[in-house]
Each structure stands twice: as structure tokens, then as C-alpha cells.
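What follows is a short report on a single structure.
Chains as they are written, first to last, in my numbering: chain A, 1 to 345; chain B, 346 to 690; chain C, 691 to 1035.
Structure, rendered in C-alpha cells:
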């Protein structure tokens, strides 16, 4: 594995191997596996779990890391091609990225969606431009429309909880005061499709996930099912809470921007405000499986996206999801940087 | 030792053991003692000494650390229970803290007083809420009304300077343009009381230390004295400089908010301005012991709280205090994270 | 070597030994050479290359580092002697610097020019005051008028590219919307002079390098030439592009503040705006050697200081320069912190 940018770049077998590696490194630590190796971390946007778990994962494997945060100790970075840089931004990614890559053995990059042009964001124009500049193992720490580290940790969590591989996963929209990116919903749908699940996307009108996300997930579902010789995952959308929740094994809550008015700040804000009652509480689970679990990638706005009682109650597995970022990242880093002598696993 | 939150949680013998451990680690480094262990550091407020010495202490013992600074690379963290999080703060400590704890072997937290409600600050409402969320060894890196790492380093400094265990320590208020927390004065009085010293608190009217701080220190003084079979430490307050300084072995200078008007910004500012001549200089030491030392936890406003000539003169031991943060933190970390095989010390 | 503050403190032989050490550490890594050693990094100003390469260099040699960024997680630091600190700045370098030094084995400091008083900046008043407060090995990570780490990396780059030791180096001014410091131009001229090169400084009227910089470089040129028994480097200035570029082996582009109106914001801005056509492109190289290289220390404003086509074309070696910061810093750190047993090299 040379890069970890999109779960879609991996076969189902490769994902399962990463999950097995994560479990193995959890059980049997290898505190010297990456001794002397350096991970560079470039955060164009804020982070808590990704920032801490990447550093911790590297340390657990005996390696080191450094963090670069443009605008906080480091210059802002320009990403536009051909820009005449006479404004406030001092450095271009065309210089900054290859330089950072030259100082480390692997580079992780976080770069959120601009939220203005849906096609540009779905096409990963910015992250792809950055990735082309890096000639070292590269990890996507959340791009405009993807978050593969989160998806890998979530798959691990679903397995550990005994959620059936063909179980029903509801990806439910929730309210947020700002128009959040499509990265986690897209990654979640793709992950669930590769896992073989029955996916229902529950969202108000105006918040349907863009077709390219669904089509890509359906292609992955078909390929994974064919390789296993089973029926493929299904992906449906609805705005009917009761219909969606009926028989659900797990509800994955996420806030995201309106897709009808994507990039139109006023229209999007109005659409979101109209749906601000989409704050999940226990009532939503009336028709779900009694053991139905609640997932969320965090950070979460309490009593805005999810009610306190639900987050603090027995359905919630958000802590386990977050913890699983650590072994998931250890597996990815080990796989990208493993010593030559130990290529078998 | 599972947590290092308050010197009051330790017996005098346990503090002395930590001091002996600090001295031993200084003399005989153990560069591999904490190999593979990870310290998480959460700074809700600025830091220089604590930030640098914690990272250096972990490195000296062979371990690693990561730093999380809400608002600088990481989301702001909400601390209020039941908050409806529709404002600028993206994450609640109820998620953030257990997650960070799950990535490391010990967590250090700095969270200053809000300075609005004296009872809430003295009761450590915020830090206690945070501590309850952490299931790993925890270090208090300064809470609303405590700073045990500073107190431990200061005790070490007093010992090294040969300040008699029953000597006279004057805790003197000094002017500061902002209403600073009670954490260091409270921790200093408590430390000096456990050490057995004659403590005189010297401050203008309106700046008396709250009764709960004094009562807690007197209880500790009594318990420590009883265990040793000696007379307990004494704690007095005065606003008379000459009376306070008479025969003093050491003067510990600290700025703190008015306690009469605690949380009342305008009244407190007026009270502080009225006492802005409380900037210590050599004249203050006329009645003190000739060898009387000057302590301050830093950072210090030069020529506002203490005059240049005094800070740069022979009485000042502020550098030694600050340096001692390193061995003190090494001892605390070693004690919290020491390998199973080496439990004896 | 106790400090690395100015290339002028080293003989030519000592610089060559550092370059040989850098090449050796590149070929034959010593991943345990600085095990247990700690580098403190104090950044009063932003950084990308220096910040990342210092941390990476320390990690490559088995050591650790911590970063202190006043204003981002740490208090602002006062540098003025005798200041009455009743404003926004909480701590003085007289406390902060010795404290940080006491926590580490070597300290690196970045502190840019104030850009107000040319004599103060050229005299390194601020950095010298800081250096006097540090009793550990000290590295200049860019001061008001120096950047020796950059100069060492650039010398390595010139050697690797086969630029003749007596070749022609043009240091060309370029436009920048802000008045940048003289640190890199000064360090570049000095480095080229020690290397023995024919240096031509190409700049508009009003941007001549101050005489003290040139005189210091000429003294170094004479001393180095005498030691080798060869003709000394030459240093000339011109505003004639064609004359300067004629026969050039390498063009080092850098933006810097006007020196005629140094510190006069309005006059300097007007002078810079009048020269904003100084954005280098391929046309500038008509009279240069066909293989003439383009250097820049980065960050660079694309299409403001240098055109895209030139930066992305075959002349540009800016990436190699930036990469060489890593082995250069490894050599400096190794030399400052090397284990007692391995003093020979």
C-alpha cells in the first residue's frame, strides 16, 4: 500500500487485512516497529481526534511526528493554480507540500471542502492537486468528500459490536448551525456498502446525497458482493423517519450542508433552519431494533444534533468509534511504513 | 498514585517520597523508564513552563507526548452540563476528554478559573467535572484553585536553598493589571503548611484569601504536625508590610484577584488600581532576614509586580523554581506511569 | 562548537567540516546518536521549513524536541530592557529564555527584525540580548540580519549542483507586498563570499544592501582566500539586469525592505510599488549561463516575486535547497550535542 486516500482504492480483502492488522497491533504492541520513522502532519483545518490519534499511533509504534498548522505558527498556504500571490497568503502548496514530504517518511493531510462548488468538492480538486505534489506515502486525514481513516475505524467498531455484516445502517442527517462537508457521509455510505449492509439515508428534502457518491458506493457494493458471491449492499434514501428507522441495527448521525443549494449560503442556512428539529433523541428509535446503536464521528453539538440523554445512554458507541481511530491509524501507518524485513502479515 | 490533582490528596510522607524520587531522577537519569508511554496534554489556557517541562520530562524518561490546544488547531471545548451547543463551540468535554484519555497513558489538563463565581472556583466545579471524565492517570496542570506541580517544585526549591522547615514564608500579594486566579496562592499556602512553616499572607485590604483555602491548609498543617509529633505550621494574614516581612526567610510574591469583589470586574479593577504601589523592591526587605529569598512562579510582570533590581538581584530564586518544574514533573510522571516491575523506590 | 549563530563565527574549514558531516549523516544515518537529548524550539515568528526540519532532524538522530510559539498557546514575550510590563505582554525574555534553556540540551530561536531601526537590526540588538540569556548550545533559526542554517543548506546545494566555487552568484531583489527583513540577503552574501564566489547584488535604486553587511562579507572573503592562498571573492552591486545576469551561474532571488527609507512604512511601500515589475521570469536569464540555476529560500510569492514558469522550470532548485535544510540541521545538532565518546569526526 503506497497511499491511503480513499477506501475505494482498496479491495474488500485489503480492508479486512487492515482491520486484522489493527486488531493484532492492539493485542500485541510493536513498540519498535517504526523506530526512526517520521510522520508529517499538515492540518489545514482544526482537529482533535485525528491530530491526537495520529501522533499517538506513531509513538505507539516507536516513531515520531511533527505537526504543521498553517495560520498558527506557519504561513497560510495558497492552493489555487496560477495565483498571483499579492494578498495575505505567503506560500503556495507547490512549494510547501514537496518540502514537507522531503522531511518525513509519510505525510498526512487534512483539507476540508471549500463548500462553494459541489462538483469541485466531489471531484476532490484541491486534495488531488495536493496529492500530486507528494512523492511519499500519503494519508487522507479528511478531504472535501472523504475520510477513510474514520471509515476504517467505524468498520472496526461495527465488527466489534457484532452488527451483522448485512445489517441495516441508517445514515441520518442532523441539524448544525453551519453547512458541514459531505466527507463523513460519503465515507460512511461507501464503507457500509463495502461491508455489505442495507444502507438507508435519512434526510430532509434538499439534503439528498449527490448521485456520484451513491453511484460510487453502489459500484463498490457490487464488486465486493461479486468477490464474495453474495447479494450486494443496498442503498436507499428517504425523509420518512419511521420508515428509515424500522429494524435498524445502527444509526450513524451526521450533519451536512444542503445539496440543493450547495454553496448558496443564505438558501442553505434557511433550509437547515427549517430542519432544526432534526435533533435526534430516544423517540426516533421507536421502530428500530431494541439493541440499535448510535454512531457519530464527533465532534457533535449536544442538544443540537443529538440530545444529551441519547449520547449518554446505552445506545451510544461514539467513544468506541473515537478510540478505534488509534488502532486504525496504527494499522495504516504500519502498512505504509513497515520495515522491509516484515512485509508478511 | 493514580492521580496528581491536589497536594492535599497526599500525606507528608508521600510528598517527601516524590521529592526524593525527583532528586534521584535528577542524579541518575532513567532514559528508558517510560519508553513507549504517551502523555496527553490538554491546555485550555496558555503556558510556557508547564507546556515545555511536561514534554521535556516525558522525553527525559523515554516517553512521548502530544499537545492539544483548543482554539489553536483544535475546536473550542464546551464545559457546561446540558448546554445547547448552537454557538461557536464545536465539541463538549464529555466527548473530548474520554477520547483524549483513550489515546494516552496519562493525561495532563490545564483549566484556569473562570473568575466569576468564587464558590464555583474554590469548589473546582469545572476541573472536577473534567476529572470525572478521565479514566487514566491524571495530572492537574493548574485548575481554578490549585497548582500542585508548581507546589511540588517549590517545596523542592525551599529544601535545596536550606530554608528551614519551620522557617517564615511570606506570601505577598502584588499588583497585576488583570484579576489573576487564586490557584498559586492557594497551592503555596497549602504546601508551606504541609512543610511546617510559619506562613504570613501579606495583602491589601480586600485581597484576603478565602476562608476555605486557609481552613484546608490548617487541617493539613495539623495532620502533618501530628504525624511528625511537632508543632503545626501557623497561618496569619496582615496588610502591614513591616510586620509581615520581619524575620522572613522567604517571600513568595503572587498577583491575585480581589476576593471581596470577586467576579465584579469594575470594583475589582478599582481595588487593584488602588494597590498598584504593591510592586516589590528591595525596600520591602528591610526587616527580613538578610538572606531572605524571593520566589515567584512566573510569568511575572517586571516593574509592575516586582522591580527589575530585585528580580535580577541575589535574593531571586525564580529561575531555580522554574527549573525544578522539570524534575518535579519527572517524579510525578514516573510515579503515575512507572513500569510494573519497578514498583519499589 | 558551542553555538551556531552566524557563519562568520566559523572558519571556512569548520563550515566545510559541517558540510561533510551533513553528507555523512545523509549517507549513513545515526538513528541513536542523540538518544535522550532534547531540542527546545522558540518561534517568535512563523515558520514552515525551519519548524519541520528541526523537529525531523532531531527525530532522525534519535532525539526529541518541543516547540514554544508565543501568542499561540504561550504568553507573548517582552524583549525590551527595563520595560514596565503593564500592557498585554505577560512575560519577559529575561525569565522565559533561561527557563526554556534549563529544560533542554540545546535551544533554537527564531526572532525576526523589527524593521524600524536599521542600526538596531544590523547590530542584532534583540537576538544578542536573547543569546546572552541562554547558557546552553544555541542555534539561530533566523535573526534580524542572519539565517546561518539557510546559508549552510544553500552552500550544500551549490556544491551538489556543481556550481564552481569561484562561479558567479547573482543575488537579485524581487518585489514583495511587505518589507521583508535583510536576514537572508545578508546570510547569502556572506556564505557566497566565504565560498569564494563572484557576487553581484542586483537591486533597484533604494534597495542597496547596507555597508556593514558588505564589509563583513568582504572581510570573510579575504580571510578565507588568504587561508586557501587564492584570490578573494568579489562583491559588486548594480541595478542593471543585463550586466548583472551576464555569465551568471546561479541567481538567488530574495525580497527585502528598502534600505534608503528603512522603517519609514509609507516611503518604503512607495519604493517597493515602483519596483513591482521586479518579478523574475525566463526573460531575465537571456545573458546568463545556459545552465544558470534559480535559488530562493522560500516561502515565495508566485507571480509576484518569481513567475510560475520559472519556478516550475528546469532552472529552479528551490526544492533541493529546502530539502537540504534537513541534513544541514542534522549536522549542526550533531555537532552541538554529539556524545562525548564520539568527538572525532
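All C-beta atoms in this analysis are idealised placements derived from N, C-alpha and C, irrespective of residue type, glycine included. Computed from a prediction, not measured in an experiment: that's the story for all the values here.
- Of all C-beta pairs linking the stretch 328 to 336 of chain A to the stretch 461 to 474 of chain B, fewer than three are shorter than 8 Å, placing the two stretches out of contact.
- The DSSP-derived three-state label of residue 377/B is coil.
- When only Cα atoms are considered, residue 877/C and residue 404/B end up about 34 Å apart.
- Think of a sphere of 7 Å around the beta carbon of residue 992/C: the chain A residues whose beta carbon falls inside it are 83, 85 and 92, in chain order.
- With its beta carbon at least 8 Å from every one in chain A, residue 478/B lies outside the interface.
- Going by DSSP, residue 451/B is part of the beta strand (DSSP E) stretching over 451 to 455.
- Among the CB atoms of chain A, one or more fall inside 8 Å of the CB of residue 743/C.
- Against chain B, a Cβ distance below 8 Å from residue 70/A picks out nothing, because the smallest value is about 10 Å.
- The beta carbon of residue 251/A sits no closer than 8 Å to any beta carbon of chain B.
- As the crow flies, the alpha-carbon of residue 349/B is around 26 Å from that of residue 326/A.
- Those residues of the stretch 729 to 754 of chain C placed with their C-beta closer than 7 Å to a C-beta in chain B are 730 and 754, ordered along the chain.
- Taking a contact to require three or more Cβ pairs closer than 8 Å, the stretch 218 to 237 of chain A and the stretch 255 to 264 of chain A do not qualify as touching.
- The distance from the Cβ of residue 848/C to that of residue 940/C is about 7 Å, consistent with a contact at the 8 Å cut-off.
- From the beta-carbon of residue 1024/C, no residue of chain B is found nearer than 9 Å; the closest lies around 18 Å away.
- Just so you know, the alpha carbons of residue 113/A and residue 204/A end up roughly 22 Å apart.
- The stretch 897 to 907 of chain C makes contact with the stretch 859 to 873 of chain C; the number of CB pairs closer than 8 Å reaches 3 or more.
- The beta carbon of residue 184/A does not come within 8 Å of any beta carbon belonging to chain B, so the residue lies off that interface.
- Residue 770/C counts as exposed, since fewer than 16 other beta carbons sit within 10 angstroms of its beta carbon.
- For residue 786/C, the enclosing alpha helix (DSSP H) covers residues 783 to 792.
- Contact annotation for residue 668/B against chain C: 789, 792 and 793 [CB-CB distance below 8 Å, chain order].
- Per DSSP, the unbroken beta strand (DSSP E) holding residue 890/C starts and ends at 888 to 892.
- Cβ contact annotation for residue 382/B (same chain, cutoff 7 Å, sequence separation greater than five): 408, 450 and 682, in chain order.
- Just so you know, the alpha carbons of residue 870/C and residue 823/C end up roughly 27 Å apart.
- From the listed residues 411/B, 520/B and 631/B, the smallest Cα separation to residue 388/B is found for 411/B.
- In this structure residue 154/A is buried. Its beta-carbon is surrounded by 16 or more other beta-carbon atoms within 10 angstroms.
- In this structure, residue 417/B lies away from residue 52/A, with their beta-carbon atoms at least 8 Å apart.
- Here the stretch 975 to 990 of chain C makes contact with the stretch 1003 to 1013 of chain C; the two share three or more CB pairs at distances below 8 Å.
- Here residue 534/B really is in contact with residue 544/B; their C-beta atoms are around 6 Å apart, less than 8 Å.
- In terms of beta-carbon proximity, residue 108/A stays away from the interface with chain C, with every pair separated by 8 Å or more.
- Against chain C, the beta carbon of residue 36/A has neighbours under 9 Å at 719, 721, 722, 749, 750 and 752, listed in chain order.
- With a minimum length of 4 residues, the unbroken runs of alpha helix (DSSP H) contained wholly in the stretch 120 to 146 of chain A fall at 125 to 132.
- In this structure, the CA atom of residue 309/A is about 41 Å from the CA atom of residue 74/A.
- At the C-beta level, residue 363/B and residue 493/B stay beyond 8 Å of one another.
- Residue nearest to residue 627/B within the set 615/B, 609/B and 651/B is 651/B (criterion: CA-CA distance).
- In this chain, residue 992/C is not harboured by any beta strand (DSSP E), its DSSP state being neither H nor E.
- Bridge pairing for residue 64/A: 38/A [DSSP].
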